[in-house]
Amino acid sequence: SPAQGAEAYDVVVVGAGFAGLYMLHRLRGLGFSARVFEQGGGVGGTWYWNRYPGARCDVESMQYSYSFSEELQQEWDWSERYAPQPEILKYANHVADRFDLRRDIQFNTRVERAVFDERANSWSVTTSDGRIVQAQFVVLATGCLSNARKPDIKGLENFRGAVYHTGNWPHEDVDFTGLRVGLIGTGSSGIQSAPIIAEQAKHLTVFQRTANFSIPARNAALTDEERDAFRKNYPEIRRFAREVARNGIYAEQPDRGALDDAEDVRRAKYKARWDHGGLTFMYVYNNLGLNQAANDTAANYVRGKIAEIVTDPETARLLQPSSHPIGTKRICIDTDYFKTFNRPNVSLVDIKTNPIEEITANAVRVAGRDHEVDALVMATGFDAMTGSVAKIDIHGRGGQTLNQKWAEGPKTYLGLMSAGFPNLFIVTGPGSPSVLSNMIVSIEQHVDWIADSLVHIRGQGLATIEADGDAEERWVAHVNEVAHGTLYPQANSWYMGANIPGKPRIFMPYIGGVGVYRRICDEVAAKGYEGFVMEAELRQQAA
Ligand code: NA7
5 SPAQGAEAYD VVVVGAGFAG LYMLHRLRGL GFSARVFEQG GGVGGTWYWN
55 RYPGARCDVE SMQYSYSFSE ELQQEWDWSE RYAPQPEILK YANHVADRFD
105 LRRDIQFNTR VERAVFDERA NSWSVTTSDG RIVQAQFVVL ATGCLSNARK
155 PDIKGLENFR GAVYHTGNWP HEDVDFTGLR VGLIGTGSSG IQSAPIIAEQ
205 AKHLTVFQRT ANFSIPARNA ALTDEERDAF RKNYPEIRRF AREVARNGIY
255 AEQPDRGALD DAEDVRRAKY KARWDHGGLT FMYVYNNLGL NQAANDTAAN
305 YVRGKIAEIV TDPETARLLQ PSSHPIGTKR ICIDTDYFKT FNRPNVSLVD
355 IKTNPIEEIT ANAVRVAGRD HEVDALVMAT GFDAMTGSVA KIDIHGRGGQ
405 TLNQKWAEGP KTYLGLMSAG FPNLFIVTGP GSPSVLSNMI VSIEQHVDWI
455 ADSLVHIRGQ GLATIEADGD AEERWVAHVN EVAHGTLYPQ ANSWYMGANI
505 PGKPRIFMPY IGGVGVYRRI CDEVAAKGYE GFVMEAELRQ QAA
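Using my numbering, you'd call the opening residue of the sequence shown number 5 and step up by one each time.
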């Protein structure tokens, strides 16, 4: 038990995004005392920070929502097929209010350090306001795309205009009217924001390192009929998303491979999905992620579309992705992205062939030419999946830090725990489907699993739960093996840590599918938490 007088909780939760909010709600319902620390000034996590123009979820709103409360899912009205960031943030705030969560959340507070006390079997958690609190358990609900990364580009500090990062956007309105804007990065954030910035700015120059595949969203207002269709069928939709769909999204599942259809049939199917819009483009066939020739058919279809949309042939050529199979970098979902390059005030600069030489006071220099800009938007992504965990100085058994242990890449058992770090859970950590799935489906599954395990521990009067080292090794090998049976590791993606110089190249998420993964987690629990070590007594005290 913690030192007399110290502030103590059963559980400290780090982060008040969708994972932290639901974790807190479950813990309360089970009678655990809990405290959430959140670095932002409000709830919502990634949706609190990513306020850039055009920010939107690429999972449809009726599915990118909690399922744990029937009243909530019946009563909340999503306005569009793909919810814009302000509406998702409003939803997160609604959930916080509706379930009275705020009183246990401390905002504007970072967790800086967490040290496991092997004698007390509890964590000492140091926060940025200089306090230390004790907790038997710590849950890292720190998010997968939450540590925005501004790259080190030579001369950036000399730039005299404003520099923004999409993942850390100001709360006040940013007005680009009359300005020449430079946009660096063409992942989802760059692709979503470019068309909107282009409408406002005097000129937009997009600096592209890797051309990306993007599918039209076909976003539209949701009708009452569409909302009702979901609401009536939610039990089946949610069951399917959890148990059947590989990525936690209810959609028609492919039953054949791309090469099983004749060319004209295949094109007709791609066209139908292109016209329908959204992520389901990739579910036309079941082998696009597995077979290069199959993948080429989809990739070529999209390249053809880009060539049709973009009028200038050289720009069209540059915008056609060639460096990776379609889908092996997160596919983008856009509204008028490619069309934007037909505007007279938009230009594309290839920084693959000739990388940015330097940024000067008022320009981005590429191949000896200065592209003058008044403002810069960095859409350069995140230190994904591990970045926010790594920022916390976590000490487990024997004083080992998690950063030391993960120096060659993250190691977890089921993405939930890491050996040597007892009573420390991660929600949607590396080694779980996380970013390859509808995050809310994965968050709910992890939070429920963690909640159940805590009830088990309390019921049995146990002191600790910890991943067994051998079980962890086997899981890491399995995650790796499944990934290497696919085309995914071919891309220099953030799934691979490839966007961060020096980060180990490991395919981080588990690609076996959310249904398979859920069954594995459930079986592990049913077998008395197989692969986890649980102790009633204090290991070190006996020694
Ligand atoms: P992403 O998908 O990581 O995209 C970042 C983009 O920035 C990508 O085009 C990168 O090119 C580019 N980038 C990164 N560093 C540099 C440097 N140093 N110079 C030039 N260009 C650079 O981040 P997003 O925010 O768009 O999206 C993240 C996820 O959020 C997304 O996948 C959805 O799941 C939601 P690269 O491809 O590395 O060559």
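Just so you know, even glycine gets a beta-carbon here, dropped at the ideal spot from N, CA and C.
Check, Outcome
"Cβ shell of F111 (< 6 Å), same chain only, five flanking positions each side left out", "E42, G45"
"Residue burial classification, P505 (beta-carbon count within 10 angstroms, cutoff 16)", "exposed"
"I355 CB to nearest heavy atom of the ligand NA7 below 7 Å", "yes"
"Sub-8 Å separation of V445 and R246 beta-carbons", "yes"
"Contact check, L149 vs A388, beta carbons under 8 Å", "yes"
"Beta-carbon proximity of C525 to L418, cut-off 8 Å", "yes"
"Outcome for N162 when other beta-carbon atoms lying within 10 angstroms are tallied against a minimum of 16", "exposed"
"Closer than 7 Å: R55 CB and nearest the ligand NA7 heavy atom", "no"
"Touch test, the region 83-92 against the region 57-65, Cβ-Cβ under 8 Å, three pairs minimum", "yes"
"C-beta contact flag for I17 and W127 at 8 Å", "Checking the sequence, you will find Val at residue 17 rather than Ile. Result no, Cβ atoms of V17 and W127 do not sit closer than 8 Å."
"Touching by the beta-carbon criterion (3+ pairs, under 8 Å), the region 337-351 and the region 218-226", "yes"
"CA-to-CA distance, S438 to V486, given in whole angstroms", "15 Å"
"The region 464-471 touching the region 482-501, judged by at least three CB pairs closer than 8 Å", "no"
"Residue nearest to A1 in terms of C-alpha spacing, selected from H175, F180, D300, A302", "Nothing can be reported for residue 1, as the shown portion of the chain is limited to 5 through 547."
"I515 (DSSP reduced to helix, strand or coil)", "coil"
"Local conformation of S5 per DSSP, three classes", "Here the model assigns S5 a pLDDT of 44, short of 50, so the residue's position is not dependable and the matter cannot be decided."
"Beta carbon of H375 nearer than 8 Å to that of V350", "no"
"L31 - DSSP class collapsed to helix/strand/coil", "helix"
"CB of F211 within 8 Å of CB of I360, strictly", "yes"
"Sufficient close CB pairs (3 or more, under 8 Å) joining the region 475-489 to the region 281-292", "no"
"Assigned exposure category for Y251 - 16 Cβ within 10 Å defines buried", "One detail in the question is off: residue 251 reads as Asn in this sequence, not Tyr. Flag for N251 reads buried."
"Cβ neighbours of S197 in the same chain (closer than 8 Å, five flanking residues each side left out)", "Y56, P57, G58, A59, T170, L187, V381, A383"
"6 Å Cβ shell around L93 - same chain, five flanking residues per side excluded", "G48, W51"
"At least three beta-carbon pairs within less than 8 Å, the region 28-35 to the region 450-460", "yes"
"heavy atom of the ligand NA7 below 7 Å from G134 C-beta", "no"
"Nearest-angstrom Cα separation, counted from V377 out to A249", "45 Å"
"DSSP beta-bridge partners of F141", "V15"
"Minimum length 3: unbroken beta strand (DSSP E) runs contained in the region 332-416", "336-338, 350-354, 360-363, 367-370, 373-376, 379-382, 397-399"
"Own chain, CB closer than 7 Å to F234, minus 5 neighbours either side, in chain order", "M66, I241"
"4-residue-minimum alpha helix (DSSP H) runs that sit fully inside the region 23-77, ordered along the chain", "50-53"
"Cβ-based neighbour list, A530, same chain, cut-off 6 Å, excluding 5 preceding and 5 following", "none"
"Near the ligand NA7: I188 beta-carbon under 7 Å from a heavy atom", "yes"
"Straight-line Cα distance separating G435 from A297", "28 Å"
"Of the residues V537, N427, W410, M443, the one placed nearest V480, counting alpha carbons only", "W410"
"Rounded Cβ spacing between I515 and L466 (contact assumed at less than 8 Å)", "That belief does not hold up - the Cβ atoms of I515 and L466 are roughly 33 Å apart, past 8 Å."
"CB contact flag (P414, I510, <8 Å)", "yes"
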